[in-house]
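Q: The sequence shown begins at 14 in our numbering and counts up one residue at a time. Each residue gets a CB set at the ideal place from its N, CA and C atoms; glycine is no exception. Got a structure for you, written out below as structure tokens; questions coming shortly.
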Amino acid sequence: MIEGFEPFPERVIQQLELVLNQSDVPDPLLEAMRYCVFNGGKRIRPTLVYLSCKVLDADLALADKAACAIELIHSYSLIHDDLPAMDNDDIRRGKPTCHIKFDEATAILAGDALQALAFEILANENQLTAETRLSLISELAGAAGARGMVAGQIIDLAGESELIDAPGLENMHRRKTGDLISTCLKFGAIIAGADSQTKDAMHRYGHALGLAFQIKDDILDVTGEEQTIGKPVSSDIGNEKTTFVSVHGLEEATCKLKQRLVEAKAALEPLGNRAEPLNEMADFIISRNH
């Protein structure tokens, strides 16, 4: 993680410990939920929630539950993505995936529980006004649901049996990855009570950053090392998935990655110097090795 950003992943982990300290949840289910939430990861999405709040001078304490909700949704999506009916992956972040560590039924239920918990903690965050909570819930539901992340996943699955063209690939990843990342930025704007111009800037930055994130993932799938990226190299190729590298080639995919970086930074120009932490995050996204 970027120097100076370390407190944000640590902060959300502490908050997630509080959220997942639930004595009334049956042990096998709670163990699986905790296993997947605390199974490493860079915590980029909750960090983006905190960063957007910081850039817009919002109280970070108001963003704690929002950051947790984003990470819970992300964790649930990874559990379900790894299932035999989906990507059928055995390794996630260098460890057995949830259905391998436990069993398939427990994995499905753990994902269901994490998704529901995300909306529960937003609804119950009494530090925020009812209007703000409703806006956050609506934004997250749209990004994670049938027009967003879930839509992206069904398009991705279809791509295993039929070729996805370049526009279709961008549409898939805008929904599957970009919408949730964009929501992280919009969460900060909503919590800060920002104007429509600022919300739009955050949305456009998040959209470009989300695609950059996915392009980098596709590049790492063919250039990374298994011990570093935490999963088998070329796993997408093995699953016959359409990727930015398979469609455009490595060189052109790298060019597109740089283009998205330029777009992300351009979106933040209305914010002036305040946007520098988000620009640093964009640089980190495209230079990371896992």
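1) Could you please give the first and the last residue of the uninterrupted alpha helix (DSSP H) stretch that includes L170?
2) Hey, Q140 and A74: beta-carbon distance below 8 Å or not?
3) May I have the straight-line CA-CA distance separating G161 from S36, to the nearest angstrom?
4) Quick check: the stretch 16-25 against the stretch 259-273, are at least 3 beta-carbon pairs closer than 8 Å?
5) Specify the secondary structure class of K108 as computed by DSSP and reduced to three states.
6) Only counting the same chain, and skipping five residues up and downstream in sequence, which positions put a Cβ closer than 8 Å to that of L42?
7) Drop a sphere of 10 angstroms on the beta-carbon of N52, count the other beta-carbons inside from all chains shown, and report buried for 16 or more, exposed for fewer.
8) Report yes if the CB atom of A280 is closer than 8 Å to the CB atom of A221, and no otherwise.
9) Between the Cα of R273 and the Cα atoms of D40, V32, V258 and G219, which residue gives the shortest distance?
10) How would you call K67, buried or exposed, if buried means at least 16 neighbouring beta carbons within 10 angstroms?
11) Using only the alpha-carbon positions, how far apart do E138 and P180 sit?
12) Return the CA-CA distance between A136 and I150, expressed in angstroms with no decimal places.
13) Which residue wins for smallest C-alpha separation from D94, given the options T142, G165 and G54?
A: With the given structure in hand:
1) M162 to A171
2) yes
3) 33 Å
4) no
5) strand
6) T119, L122, A123 and A126
7) buried
8) yes
9) G219
10) buried
11) 39 Å
12) 7 Å
13) G165
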